[in-house]
Ligand code: PMT
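Residue numbers (full-length UniProt numbering): 179 to 398.
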C-alpha cells in the first residue's frame, strides 16, 4: 500500500552527472546514470510529494505525474536552478554527482589534434549542497550523498558538517553492487545527531524507500 505521508510537501532532488564543456564536442563528466536520484524522485512522488527533479544529462525517464523535471547540463546551471527552487521547498536531497571543477573557458571551435601536449586549466565549481546549507531555514530539511573510496565514514561526516546537512547517505566504491550505474546500492545513513543506520545491498528502488523513510522522520 502506498502511504501518502508526504502529501503537501515540496521536495527537490538533484540527479545524474554534470557535463563541463571543453569545446563544442567534448566535456568533463562522470559515470553517474541518474538511477539513484530518479528512484528517489519516484519514491517521494509515490508518497504524495510534489517533486522538482533537477537532472543532469541522463537517458532516463521520470514517470510519476507529480515529478516536475528540469534538465540542466553543467554544475553552474544546476546551481542556479537549485538556488532558485530551494526557498519554496520543504526538503532537498542532493544525489547528483556534480563536477568539482570545470575548464576555465570553453573553446568556440573544436580543439584540433596536434603532436603537442595540451593543458586544460580547471577552476572550482560552486558547491550546490553547501550553498543550500547556508540558506536553509529551521523548517527545511537538507540531505546529501557522499561517494567515497577511503576513510568513508570520516569523510562523509565532514561533508555533512561542512554542508550543514541533516543527514548524509554514504556509498562506497569499495562495496560490490554500490555506486554508479548499477541497479543496486549499499548505503549507510549518518545523521547530524550521530546516528548510524547501515543497510544491505538492494535494488536502488528499495534503497530510495529506506532513504525517504528517514527523510520522512525529519518532516513531521
Ligand atoms: O546516478 P547513479 O549511477 O545511480 O549513481 C548514484 C551515485 C553514486 C551518483 C549516488 O549514489 C551518489 O553518491 N551521489 C553523490 C555523488 C557525489 O558527487 O558525491 P560527493 O561525495 O562528491 O559529494 C557530496 C555531496 O555534495 C553530494 O550530495 C553532492 O551532490 C554534493 N555536491 C558536490 C559537489 C558540488 N559542487 N555540489 C554539490 O552539491
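From the three backbone atoms N, C-alpha and C, an ideal C-beta is built for every residue, glycine too.
| query | result |
| --- | --- |
| How many Å lie between residue 195 and residue 294 at the Cα? | 30 Å |
| With a threshold of 7 Å, establish whether the CB of residue 205 neighbours any heavy atom of the ligand PMT. | no |
| From the DSSP output, in three-state form, read off residue 179 for me. | Only weak support is given to the placement of residue 179: the predicted model assigns it a pLDDT of 46, under 50, and the value that follows is read from those uncertain coordinates. Correct three-state label for residue 179: coil. |
| On a CA-only basis, which of 213, 267 and 262 is nearest residue 318? Give me that one, please. | 267 |
| Taking the CB atoms as reference points, tell me whether residue 245 and residue 259 lie closer together than 8 Å. | no |
| Would you report the Cα separation of residue 342 and residue 329, rounded to the nearest angstrom? | 20 Å |
| Can you list, in chain order, the residues of its chain whose CB lies under 7 Å from that of residue 235, leaving out five sequence neighbours each side? | 194, 195, 197 and 251 |
| Is residue 282 buried or exposed, if buried means 16 or more other CB atoms sit within 10 Å of its CB? | exposed |
| Beta carbon of residue 349: closer than 7 Å to some heavy atom of the ligand PMT? | yes |
| Report the three-state DSSP secondary structure of residue 336 (helix, strand or coil). | helix |
| So the candidates are 231, 239, 213 and 211; which of them puts its Cα closest to the Cα of residue 188? | 231 |
| Let me check understanding here. Comparing Cα to Cα, which of 280, 310, 308 and 311 lies closest to residue 302? | 280 |
| With respect to 7 Å, is the separation between the Cβ of residue 338 and the closest non-hydrogen atom of the ligand ZN below this value? | Among the ligands modelled here, namely the ligand PMT, the ligand ZN does not occur. |
| Residue 306: beta carbon under 7 Å from a heavy atom of the ligand PMT? | yes |
| Just the Cα atoms here: how many angstroms apart are residue 274 and residue 191? | 8 Å |
| Between the region 284-292 and the region 208-225, can you find at least three pairs of beta-carbon atoms closer than 8 Å? | no |
| Any heavy atom of the ligand PMT within a distance shorter than 7 Å of the CB on residue 387? | no |
| So for residue 229, helix, strand or coil by DSSP? | strand |
| Helix, strand or coil for residue 198 per DSSP? | strand |
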